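Okay, structure first, notes after.
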Amino acid sequence: MQITSSTSGTLNVATLEGRLDTATAAEAEATLLGLLAAPGLVLDMTQVRYVSSAGLRTLLKLAKQAKAKGAAYSLVGLQPAVREVFEISGFDKIIPSYATLAEAVAA
Amino acid sequence: MTNTLHLRLAPEAANVSTLLDALEAYVEAQELPIKAASRLVLLADELAANVVMHAEGATFFAVDVSRGPDTVTFTMTDDGPEYDPLGRGEANTNASLEERELGGLGLHFVEKLASTVDWRREADHNILTITLDAAAE
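The listed protein sequences correspond, in order, to chains C and P.
According to our numbering, the stretch in the first sequence is residues 73 to 179, in order.
According to our numbering, the stretch in the second sequence is residues 19 to 155, in order.
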């Protein structure tokens with residue numbers, strides 16, 4: 073899992089690449105928590121092939137932290153297999169996601 | 019080209035990655051469609067992580083994958099304590115952000131994404147076999 077950070081408008085953007093799984097979730101979580109600050113953080117998931125339950129725990133923890141900090145938090149570019157995991161876990165109802173970064177920044 | 023994969027690994031966290039790397043190479047060589055491939059790798063992660071984290075005293079876990087015309091069959095064997103994972107996927111998928119708890123999702127995925135799930139205890143081994151739709155795109 074590689075994470076690179078940038079900004080878009082006033083938001084931090086973290087671009088993830090690889091698997092967000094049992095082996096990589098903890099390290100990714102530490103990196104992403106460091107990037108989470110108001111006004112907000114967008115995770116670009118376009119290049120993420122898999123998200124396992126360990127990865128979902130990381131994404132949920134970030135959502136809770138974002139709420140506590142009053143920061144916006146959203147995902148963009150969920151691939152079909154990742155979207156399937158979001159739907160069957162109910163995460164599509166609790167974490168906002170958008171097709172493109174432009175939509176996430178405008179939201 | 020063989021359409022089977024066999025791996026026998028020590029139950030260590032780093033070997034979950036070893037398994038997933040091997041499976042990613044396998045699904046690519048088999049040219050499995052994206053959802054079939056992703057489901058296989060995802061469920062392997064969940065099941066291997068369960069053994070590595072919870073199967074106290076296990077000395078190995080082994081994975082066998084084979085591809086038939088319509089299905090992919092994945093079998094995980096370990097010598098940890100008896101553990102029947104069937105019926106344990108109890109995640110509350112309608113909970114709000116505040117209420118949502120961390121856990122129970124891995125087996126929920128197994129129940130939702132596998133076509134069939136079978137567990138048996140044989141000669142002090144847990145043997146879990148799942149089949150997946152090989153055509154899921």
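Don't be surprised by glycine CBs; every beta carbon is placed ideally from N, CA and C.
As the structure is a computational prediction, the values presented were derived from the model and not from experiment.
Give the interface partners of Ser114 (chain P) over in chain C, defined as CB-CB distance under 9 Å, in chain order.
Along the second sequence, read from residue 1 onward, the residue named residue 114 (chain P) stands at position 96. Neighbourhood of Ser114 (chain P) in chain C, by CB distance below 9 Å: Lys165, Ile166, in chain order.
At a Cβ threshold of 9 Å, is Leu56 (chain P) touching chain C?
On the second sequence, residue 56 (chain P) is found 38 positions in, with the first residue counted as 1. Looking at the sequence itself, residue 56 (chain P) is Ser, so the reference to Leu does not match. Output row for Ser56 (chain P): interface = yes.
Count the other C-beta atoms from every protein chain shown that fall within 10 angstroms of the C-beta of Pro87 (chain P), then say buried if there are 16 or more, exposed otherwise.
Within the second sequence, residue 87 (chain P) is the residue found at index 69, counting from 1. Label assigned to Pro87 (chain P): exposed.
Val148 (chain C) to Ala86 (chain C) span [Cα, whole Å]
Here residue 148 (chain C) refers to the residue found at position 76 of the first sequence. Here residue 86 (chain C) refers to the residue found at position 14 of the first sequence. One C-alpha to the other measures close to 10 Å.
Closest Cβ-Cβ distance between Leu146 (chain P) and chain C: below 9 Å?
Locating residue 146 (chain P) in the second sequence gives position 128, counting from the first residue. Residue-level contact check: Leu146 (chain P) does not touch chain C, since none of the beta carbons of chain C fall below 9 Å from its beta carbon.
According to DSSP, residues forming a beta bridge with Ser35 (chain P):
The sequence position of residue 35 (chain P) within the second sequence is 17, counting from 1. When DSSP reads this structure, Ser35 (chain P) sits in no beta bridge, so it has no partner.
Close-in-space but distant-in-sequence residues of the same chain around Thr44 (chain P) (CB under 6 Å, 5 per side omitted)
Taking the second sequence and counting its residues from 1, one reaches residue 44 (chain P) at position 26. Looking at the sequence provided, one finds Tyr at residue 44 (chain P) rather than Thr. Hits under 6 Å: Leu23.
Under 9 Å Cβ-Cβ, which residues of chain B neighbour His126 (chain P)?
No chain B is present in this structure, whose protein chains are C and P.
Which residues of chain C have a Cβ atom closer than 7 Å to the Cβ of Val69 (chain P), listed in chain order?
For this step, residue 69 (chain P) is matched to residue 51 along the second sequence. What Val69 (chain P) touches in chain C: nothing, since even the nearest Cβ is about 11 Å away.
What residues in the segment 80-91 of chain P have a beta carbon less than 7 Å from any beta carbon of chain C?
Shown here is that no member of the segment 80-91 of chain P has a Cβ falling below 7 Å from a Cβ of chain C.
Under a Cβ-count criterion, where at least 16 other Cβ atoms within 10 Å of its own Cβ denotes burial, should Asn144 (chain P) be classed as buried or exposed?
Position 126 of the second sequence, counted from the start, is the residue given in the question as residue 144 (chain P). Here Asn144 (chain P) is buried: its Cβ has 16 or more other Cβ atoms, across all protein chains shown, within 10 Å.
Whole angstroms is fine: what's the gap from Asp164 (chain C)'s alpha carbon to Leu88 (chain C)'s?
What you label residue 164 (chain C) is simply residue 92 of the first sequence in a count that begins at 1. What you label residue 88 (chain C) is simply residue 16 of the first sequence in a count that begins at 1. Pairing Asp164 (chain C) with Leu88 (chain C), the inter-Cα distance amounts to about 19 Å.
Within the same chain, show all residues whose beta-carbon is closer than 6 Å to that of Leu146 (chain P), passing over the 5 residues directly before and after it, in chain order.
The residue labelled residue 146 (chain P) in the question sits at position 128 within the second sequence. The residues Met94, Trp137, in chain order, have a CB closer than 6 Å to that of Leu146 (chain P) in the same chain once the five nearest residues on each side in sequence are set aside.
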